[in-house]
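Numbering (UniProt numbering), first residue to last: 2 to 676.
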Ligand code: GCU
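What follows is the structure, given as structure tokens:
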């Protein structure tokens with residue numbers, strides 16, 4: 002399959018003929034499975050870009066030489082050898098030594114990343130013959146989580162069905178999985194979990210001989226692209242699989258069961274990554290059933306995995322999901338911190354806590370989770386959601402890189418100024434053994450992988466950020482557009498604007514001022530202001546005829562703000578300093594409360610909802626101006642998605658405005674139509 006939709010950012014279109022001759026012979030010195038991937042990628046890319054079939058040799062005199070340091074040290078000078086010695090395992094050096102382009106590092110994985118770097122530069126139209134680059138990833142773990150089920154469905158998937166499973170079986174034709182591995186490797190992702198964190202009945206058996214041989218095939222594919230495979234597991238597996246009468250992590254026979262199980266898994270897959278675990282969360286089994294805590298639960302698995310260098314990625318999405326809406330003292334936002342912070346230091350060194358970026362659940366706007374960085378002696382990683390569950394479901398456009406940048410730049414002040422999320426997950430603030438980023442993937446078996454073709458940019462950008470969080474959202478957008486759609490100036494400029502504005506636009510026409518939710522229950526697409534108001538999920542806005550918002554202050558509210566370090570605690574707790582965009586997350590205010598912008602809350606609601614809709618119309622007009630430069634299938638796909646977005650934005654605008662007009666009785670200053 003080589004349609005423009007399918008090829009995402011690896012279009013390998015002819016960009017310039019400049020370096021064509023340079024590529025006729027390429028020396029690839031290694032012979033591992035990763036080296037084979039390198040050769041294949043080069044053949045494919047060079048054929049596509051230059052219509053040449055390169056000679057792939059082991060000739061040290063070739064114009065391009067790709068080899069690990071020990072294979073090519075004769076070609077490098079002392080300084081260059083020192084540079085490589087200092088690099089992490091995945092870091093690489095690309096350098097021109099007297100007309101010869103050398104790609105090197107310590108491992109084959111480093112070479113793979115170097116090759117994708119060079120191919121990116123070629124696609125961006127740059128001269129690569131004189132490249133001089135030293136790069137290493139900022140984060141150790143750069144992971145995606147698939148929420149795919151064996152029946153072929155994808156939980157919160159908006160791009161068709163699973164590429165891994167179909168009708169209760171693992172897919173036989175795994176070529177699409179290989180292509181996915183290519184895309185992931187090309188942006189530096191090095192880990193994947195291939196099944197839903199909610200591990201249902203049959204998927205529980207993934208860790209048995211019924212499925213392990215075929216999972217090994219998938220693991221092999223990913224391995225040849227430097228991506229380590231993990232599985233989500235069911236904490237109650239000993240009961241479900243072998244009929245034990247308990248899954249209590251402190252009971253010997255349970256511990257023994259896991260040890261044997263892990264040994265078995267590694268017999269099939271010696272380079273298995275480990276487990277992703279959703280325990281005691283939304284009715285999934287966990288240690289709480291036995292009066293044990295999350296350290297007990299995860300450490301049991303960690304001990305079983307440790308001899309094989311395996312890891313336990315333990316999710317912190319633990320909260321009371323059967324709350325009584327009448328109960329004003331329970332605050333879901335507090336839950337992760339309240340559960341995990343007291344356990345700091347109790348986790349084994351191969352346990353990593355995976356924490357969602359916000360304290361609730363991937364809303365368009367949330368404060369940063371106060372748990373991130375709050376545990377000095379416990380490995381942590383942050384979880385983003387590339388899948389647009391609450392941000393338009395890949396019908397509406399929402400380029401999420403600016404949101405993630407916002408999170409990564411957030412200064413926790415946990416160890417004084419400059420202790421940002423970015424540095425925490427890189428392991429630079431506390432000395433974490435393992436840390437990094439994970440994200441729920443947004444791909445499925447749609448032709449274009451991501452439903453809305455523009456949503457490919459979120460997968461691309463996520464990968465680039467995990468490697469280098471310092472990249473600007475605009476830079477990532479430009480890179481993606483140029484590789485995906487070519488370098489025509491008007492396309493670049495217009496699409497960059499479209500992408501960069503989209504998060505704020507989505508925020509404008511949906512739930513205001515950080516309050517979140519107000520979505521259709523279950524599906525989470527489209528407005529339903531009171532849809533979750535009297536539910537058990539802990540997601541309330543508390544709007545009445547006087548005002549709206551959740552009081553999370555120390556003095557009169559739930560005390561959530563106390564989970565932040567100073568000065569953030571004060572910043573959020575004090576209504577006068579709390580940023581407008583999060584006001585309703587932290588405070589309950591009257592509709593006539595004046596924001597820092599000078600507008601009242603109610604007028605802000607009206608204005609942003611009218612303008613949000615208009616901004617969607619503008620997005621569409623802008624998009625139409627570049628029609629002639631976009632191929633028909635992709636133009637059609639994106640245009641269709643924009644029409645859906647327009648309908649959705651209209652519904653949000655009118656329902657939100659009408660709801661708050663009826664609640665408050667306050668007129669719009671501009672007297673626009675409210676129903
Ligand atoms: C959200 C989402 C669920 C998912 C859960 C999780 O609540 O709606 O589908 O299972 O997050 O992250 O575990």
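Backbone N, C-alpha and C fix where the C-beta goes; we use that ideal spot for every residue, glycine too.
CA-to-CA distance, residue j to residue i, given in whole angstroms
| i | j | result |
| --- | --- | --- |
| residue 390 | residue 244 | 36 Å |
| residue 84 | residue 93 | 9 Å |
| residue 309 | residue 535 | 48 Å |
| residue 503 | residue 292 | 46 Å |
| residue 527 | residue 192 | 33 Å |
| residue 450 | residue 458 | 11 Å |
| residue 418 | residue 412 | 7 Å |
| residue 251 | residue 115 | 46 Å |
| residue 364 | residue 134 | 38 Å |
| residue 153 | residue 447 | 13 Å |
| residue 442 | residue 666 | 43 Å |
| residue 493 | residue 466 | 20 Å |
| residue 573 | residue 360 | 14 Å |
| residue 267 | residue 200 | 20 Å |
| residue 654 | residue 611 | 6 Å |
| residue 315 | residue 381 | 9 Å |
| residue 62 | residue 100 | 10 Å |
| residue 334 | residue 546 | 25 Å |
| residue 346 | residue 464 | 30 Å |
| residue 644 | residue 618 | 9 Å |
| residue 430 | residue 416 | 7 Å |
Closest residue to residue i among the options (Cα-Cα distance)
| i | options | result |
| --- | --- | --- |
| residue 64 | 70, 71, 344, 76 | 76 |
| residue 586 | 370, 620, 128 | 370 |
| residue 349 | 322, 311, 493, 328 | 311 |
| residue 305 | 254, 161, 146 | 254 |
| residue 428 | 210, 145, 373 | 373 |
| residue 726 | 544, 455, 593 | Because the chain is modelled from 2 through 676, residue 726 falls outside the range shown and cannot be assessed. |
| residue 127 | 171, 518, 488 | 488 |
| residue 461 | 39, 24, 20, 121 | 121 |
| residue 138 | 155, 154, 87, 61 | 87 |
| residue 21 | 10, 180, 38, 124 | 124 |
| residue 440 | 358, 507, 379, 618 | 358 |
| residue 506 | 336, 646, 71 | 646 |
| residue 97 | 119, 91, 508, 90 | 119 |
| residue 214 | 133, 545, 237, 265 | 265 |
| residue 589 | 631, 578, 572, 544 | 544 |
| residue 183 | 331, 8, 201 | 8 |
| residue 677 | 223, 220, 297 | This structure cannot settle anything about residue 677, because the visible part of the chain is limited to 2 through 676. |
| residue 337 | 329, 633, 327, 362 | 362 |
| residue 70 | 129, 48, 30 | 30 |
| residue 19 | 158, 10, 131, 117 | 131 |
| residue 501 | 49, 188, 620 | 620 |
Whole-number beta carbon distance between residue j and residue i, since they are thought to touch under 8 Å
| i | j | result |
| --- | --- | --- |
| residue 409 | residue 421 | 7 Å |
| residue 163 | residue 452 | With 8 Å as the limit, residue 163 and residue 452 do not qualify as a contact, their Cβ atoms being about 14 Å apart. |
| residue 302 | residue 273 | Not quite, the Cβ-Cβ distance comes to about 13 Å (not below 8 Å), so this is no contact. |
| residue 141 | residue 435 | 6 Å |
| residue 366 | residue 652 | Between residue 652 and residue 366 the Cβ distance is about 20 Å, and since that is not below 8 Å, they are no contact. |
| residue 656 | residue 509 | In fact, because the Cβ distance is near 14 Å, the residues do not count as touching under 8 Å. |
Any C-beta of chain C under 8 Å from that of residue i
| i | result |
| --- | --- |
| residue 182 | Within the model displayed, chain C is absent; a lone protein chain is all it includes. |
Segments assigned alpha helix (DSSP H), at least 4 residues, entirely inside the stretch 197-257: 213-224, 238-243
Stretch-stretch touch, CB-based, cutoff 8 Å, three pairs: the stretch 74-82 with the stretch 29-44: Segments in contact, no.
Hey, is the stretch 213-233 in contact with the stretch 184-204, meaning 3+ C-beta pairs nearer than 8 Å? yes
At a cut of 8 Å, does the stretch 370-387 reach the stretch 621-638 through at least three beta carbon pairs? These segments do not touch.
Cβ contact check for the stretch 278-296 and the stretch 317-329: 3 or more pairs under 8 Å: yes
Determine, using beta-carbon pairs with one atom in the stretch 603-614 and one in the stretch 502-519, whether at least three such pairs fall under 8 Å. yes
Suppose only complete runs of 4+ residues qualify. What are the alpha helix (DSSP H) ranges in the stretch 418-464, listed by chain order? 422-426
Could I get the ranges of all uninterrupted alpha helix (DSSP H) runs contained in the stretch 59-99, with 4 residues as the minimum, in chain order? 70-73, 79-87
Could you say if the stretch 103-117 and the stretch 50-63 meet the contact criterion of at least three C-beta pairs nearer than 8 Å? Taking 8 Å as the limit for Cβ pairs, the verdict is that the stretch 50-63 does not touch the stretch 103-117.
Given 8 Å as the limit, is there contact between the stretch 108-118 and the stretch 141-154, that is, 3 or more CB pairs closer than that? no
What residue ranges within the stretch 138-204 form continuous alpha helix (DSSP H) runs of no fewer than 4 residues, ordered along the chain? 176-187
Given 8 Å as the limit, is there contact between the stretch 550-558 and the stretch 398-406, that is, 3 or more CB pairs closer than that? no
3 or more residues per run - each beta strand (DSSP E) lying fully within the stretch 278-321: Segments of the beta strand (DSSP E) lying fully in the stretch 278-321: 312-316.
Could you pull out every unbroken alpha helix (DSSP H) segment of at least 4 residues lying fully inside the stretch 364-403, listed in chain order? none
Whether or not the stretch 465-475 and the stretch 170-187 are in contact is what I'm after, with contact meaning three or more pairs of Cβ atoms, one per stretch, closer than 8 Å; do they touch? no
Minimum length 4: unbroken alpha helix (DSSP H) runs contained in the stretch 572-657: 584-587, 602-626
Just checking, does the stretch 612-619 make contact with the stretch 564-578 on the three C-beta pairs under 8 Å criterion? no
Alpha helix (DSSP H) segments (min. 4 residues) lying fully within the stretch 472-504: Those alpha helix (DSSP H) runs which fall completely within the stretch 472-504 and span 4+ residues are 474-486.
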